[in-house]
Amino acid sequence: MDFVSRKFDFNPGERCIVIGEIGVNHNNDRDTLFKLLDAGSHVGCDIIKLQRFKAEDEIAESAPTTEYQVKAGEGDSQLEMAKKLELPDELLVEAYEYCQQMDIGFLCTAFDHGSVDFVADVLGCKSVKVPSPEITNRPLIEYMAQKFDALLVSTGASDLDEVAAVIEWIRNIGDREIALMHCTSEYPAPIDQVNLTAINTMRAAFELPVGYSDHTRGVVAGTVAASLGAAMIEKHYTLDKNMPGPDHNASADIPELTQLVKAMKDVSLCLGDGIKRPVAAEAKNRLLIRKGFTCALDSMPAGTLIDASMLGIKRPLVKGAVEPFDLDKIVGQKISKSKRFDEPILWSDFNL
């Protein structure tokens with residue numbers, strides 16, 4: 039089951055979808071890959087994402103490693119580093135089939151035309167992830183739109199005009215499902231650089247589902263994004279942050295991924311349906327915490343003409359009691375029953 043057959047229409051009130059991004063954290067090792075697949079399924083990810091690329095098709099020999107890759111101990115050129123992290127096609131097929139067996143959504147990022155063909159024609163996926171580095175790669179994006187029914191577009195390091203251009207390219211090809219992912223293309227992303235309100239900006243500008251690809255440490259940013267209405271949260275995860283490789287240190291470990299999945303459920307529960315009304319949990323407290331009118335006199339004989347000075351306002355609000363906002367309805371009226379101090383003033387005490 040791939041992403042488009044899983045969910046591409048996001049219903050208000052539904053839990054934010056969690057995409058567990060393995061990326062290159064498999065370290066090109068089958069055992070590590072399947073442990074990650076099992077972990078993602080076990081903690082409750084809706085979708086597991088992998089990447090298909092051929093390093094020599096997309097990276098020049100002269101390309102240096104990025105700062106975060108250097109910090110992760112990657113001394114090779116970017117090309118040599120990427121070559122070591124290419125997932126063999128046979129393992130990608132196994133991973134896809136395994137996700138189907140586990141009934142968990144599968145999504146794959148494609149970085150080049152050959153990878154697009156593989157994901158579409160070999161795996162048979164109907165959806166694809168457009169990575170942030172390819173957001174200006176019009177030939178690739180248009181080719182993706184020809185091959186897939188749904189495109190999830192990551193928008194790291196881009197502006198609104200660039201995102202608008204991508205949407206136009208896709209729509210010029212045909213009627214495709216499109217969802218956007220806000221993200222900050224830094225690993226780890228500083229918490230003060232994630233600009234989460236851009237989620238609302240893109241949703242308003244394009245009227246499309248917008249999610250968040252979270253490269254920060256921890257789960258705070260992802261939780262905030264969900265509370266802002268993000269349709270999905272994508273998070274890199276690893277078995278061990280200390281494993282060799284460029285992305286492990288900036289990824290969530292399994293306890294953090296577990297916490298994120300739980301947080302998405304909690305956010306959905308917290309948001310509710312938006313209708314302002316008393317909720318079920320308040321029912322038992324509503325009368326106890328509210329106040330009603332009481333007799334403030336030692337005694338109030340039947341026939342007394344009610345004046346505000348005769349009334350106290352105290353908890354609890356007894357069923358049938360007159361509430362303070364109805365003061366004008368009883369002032370000047372005769373009470374038909376006698377009252378003692380602190381006794382509630384009821385509507386049934388008046389012939390109204």
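Take the sequence shown: its position 208, counting from 1, is numbered 246 in our numbering, and each next residue is one higher. For each residue, glycine too, the CB sits at the ideal point set by N, CA and C. Note that the coordinates shown come from a computational prediction; the quantities given were computed from them, not determined experimentally.
For residue i, name the three-state secondary structure that DSSP assigns.
i: E361; result: coil
i: G330; result: strand
i: R378; result: strand
i: R315; result: coil
i: S265; result: helix
i: S153; result: helix
i: Q371; result: coil
i: S386; result: helix
i: K300; result: helix
i: A340; result: coil
i: L189; result: strand
i: L349; result: strand
i: L88; result: strand
i: D291; result: coil
i: I55; result: strand
i: L129; result: helix
i: L117; result: helix
i: I97; result: coil
i: M182; result: helix
i: V258; result: helix
i: A243; result: helix
i: V201; result: helix
i: G82; result: coil
With distance defined between alpha-carbon atoms, name the residue in the options nearest to residue i.
i: A101; options: L117, E94, V257 and L88; result: L117
i: R176; options: A195, I211 and D159; result: I211
i: G162; options: I85, S170, L145 and P169; result: L145
i: V166; options: E135, A133, I142 and A217; result: A217
i: N287; options: G260, T174 and D278; result: D278
i: I86; options: D141, F331, E224 and G256; result: D141
i: V131; options: L71, P316 and Q231; result: L71
i: P171; options: D187, S196 and L189; result: S196
i: P282; options: D67, R214 and A203; result: D67
i: S153; options: K367, V204 and E94; result: E94
i: M240; options: V360, V191, G370 and F388; result: V191
i: V62; options: G78, T103 and L88; result: L88
i: L125; options: D69, A98, I292 and G370; result: D69
i: R255; options: V232, A340, Y136 and L325; result: V232
i: V356; options: G350, P382 and I344; result: P382
i: Y225; options: T103, V369, G82 and A301; result: T103
i: L390; options: S376, D380 and I368; result: I368
May I have the straight-line CA-CA distance separating residue i from residue j, to the nearest angstrom?
i: S265; j: V305; result: 6 Å
i: M338; j: W385; result: 16 Å
i: D364; j: C333; result: 15 Å
i: K303; j: W207; result: 35 Å
i: L246; j: L123; result: 33 Å
i: Y275; j: S223; result: 16 Å
i: M270; j: S115; result: 33 Å
i: K352; j: R378; result: 14 Å
i: Q138; j: L178; result: 27 Å
i: D155; j: A319; result: 53 Å
i: A236; j: H64; result: 31 Å
i: V168; j: A242; result: 21 Å
i: F388; j: N323; result: 27 Å
i: Q184; j: V317; result: 48 Å
i: R328; j: P354; result: 6 Å
i: G267; j: A340; result: 58 Å
i: E135; j: V157; result: 13 Å
i: L74; j: A133; result: 10 Å
Report the CB separation of residue i from residue j in whole angstroms; it is logged as a contact under 8 Å.
i: D159; j: K92; result: That pair is no contact at about 15 Å.
i: Y250; j: H220; result: 5 Å
i: E272; j: E59; result: 5 Å
i: A359; j: F331; result: 7 Å
i: A259; j: L298; result: With 8 Å as the limit, A259 and L298 do not qualify as a contact, their Cβ atoms being about 10 Å apart.
i: E215; j: D187; result: 6 Å
Should residue i be labelled buried (16 or more other beta-carbon atoms within 10 Å of its own) or exposed?
i: G310; result: exposed
i: H80; result: exposed
i: A321; result: exposed
i: P284; result: buried
i: S347; result: exposed
i: V56; result: buried
i: T261; result: buried
i: C409; result: A query on residue 409 cannot be resolved here, the shown segment of the chain reaching from 39 to 390 and no further.
Comparing the CB of residue i with every heavy atom of the ligand NAD, is any distance shorter than 6 Å?
i: I60; result: The ligand NAD is not part of this structure, which contains no ligands at all.
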